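Numbering (my numbering), first residue to last: 1 to 284.
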Amino acid sequence: MKVAILGANGQLGSDLVKAFGKDAIPLTHRDLDVTEPGSVQILKELKPDVVINTAAYVRVDDAEVEVEKAFQVNAIGALNVAKACNELKAVNVYISTDYVFDGAKGTPYEEDDVPNPVNVYGLSKYAGEIFTRNHSQRYYIIRAASLYGKAGASGKGGNFVEFMIQQARKGERIKVVDDQFMSPTSTKDVAEMLKEFLGIKPEFGVYHMVNEGYCSWFEFTKEIFNILNWGVHITPIKSDELKRLARRPAFSALKNEKLGNLGLRMRDWEDALEDYLMEKGYSD
Ligand SMILES: NC(=O)c1ccc[n+]([C@@H]2O[C@H](COP(=O)([O-])OP(=O)(O)OC[C@H]3O[C@@H](n4cnc5c(N)ncnc54)[C@H](OP(=O)(O)O)[C@@H]3O)[C@@H](O)[C@H]2O)c1
């Protein structure tokens, strides 16, 4: 099985390349620009069986002003990839986000809950989902959330865990919101689960794929330093105090309902975080 991975040097992309090993066809932004239909044609020469599209505009606050850029990559890009996959009869895997939900539900979102994005990034990803659903015959929409991985999000210049560690090392005062809840998720775990998932050829459709459980960003940060056993003081703050451009859903935890029905289980977020910190050499 040949698996083309778009955005191959990104945070999730690089872990997918590792997980798929010899089956992977890594394609970076330089190799294939999803916003250019001509560039996407390279897939026709490579003839993959599966295309995993991790290419994205991921800067949530910047998307509020760079609306067109966000839609170009996250939505039009998804359309271009969907059309190419159809021509090739390849399976199209679009990576989406918990930010398609508005956060009002108050309990973890299942795959059939109705999206209602509250920011431009979420709306552009939801548009990408709709293009994927309506323009690919064989597709999976995989919703992940709050990702951290070894490579760090190239679009964000790192990941949340690393930002917290850098701040602690510099002795800076760490303030983190305690009124936004989510499912922190390791890109390594998504990559390995996606490989197993594709191997069993489930029914096409939307699936949630996050580490089990959820917490606030404040609780997540506390757990980072608990595992490291560093005595770091963290101050809980409210989202309003950050005055960020984009609104965030207050509660965007996801439930892996359909993965569970297939007998597949992701690790708890605390175990995945500990593994990440140990692999990075921060803890032993
Ligand atoms: N990060 C999160 O917390 C999070 C949460 C939920 C869902 N997701 C989704 O998960 C996926 C992976 O995110 P990530 O954290 O791995 O982000 P990332 O590290 O920024 O990876 C995105 C990749 O897309 C590439 N890219 C950007 N524009 C492109 C274009 N026009 N054509 C082709 N490639 C392009 C980037 O390459 P360059 O850097 O070279 O431009 C980068 O390799 C995305 O679909 C994202 O929406 C992320």
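Think of the CB as a built atom: it goes at the ideal place given N, C-alpha and C, for glycine as much as any other residue.
Quick caveat, the model's predicted, so the values are computed rather than measured.
- Look at E212 here: in three-state DSSP terms it is strand.
- A direct Cα-to-Cα measurement between V58 and K156 gives close to 7 Å.
- By the beta-carbon neighbour count (other beta carbons within 10 angstroms, threshold 16), H233 is exposed.
- Here F225 is not near P184, since their CB atoms are 7 Å or more apart.
- At least one heavy atom of ligand 1 lies less than 6 Å from the C-beta of S146.
- The C-beta of A104 has fewer than 16 other C-beta atoms within 10 Å across all chains shown, which makes the residue exposed.
- With at least 16 other beta carbons inside 10 angstroms of its own, E129 counts as buried.
- Around the beta carbon of D240, fewer than 16 other beta carbons sit within 10 angstroms, so the residue counts as exposed.
- If you check the C-beta of D33 against ligand 1, you find a heavy atom less than 6 Å away.
- Taking the Cα positions, R169 is about 15 Å away from K280.
- With respect to the 7 Å criterion, R247 and N119 are classified as neighbours on the basis of their beta carbons.
- If you look at I76, you'll find it isn't in any beta strand (DSSP E); DSSP assigns it neither H nor E.
- Under DSSP, T185 forms a beta bridge with L147.
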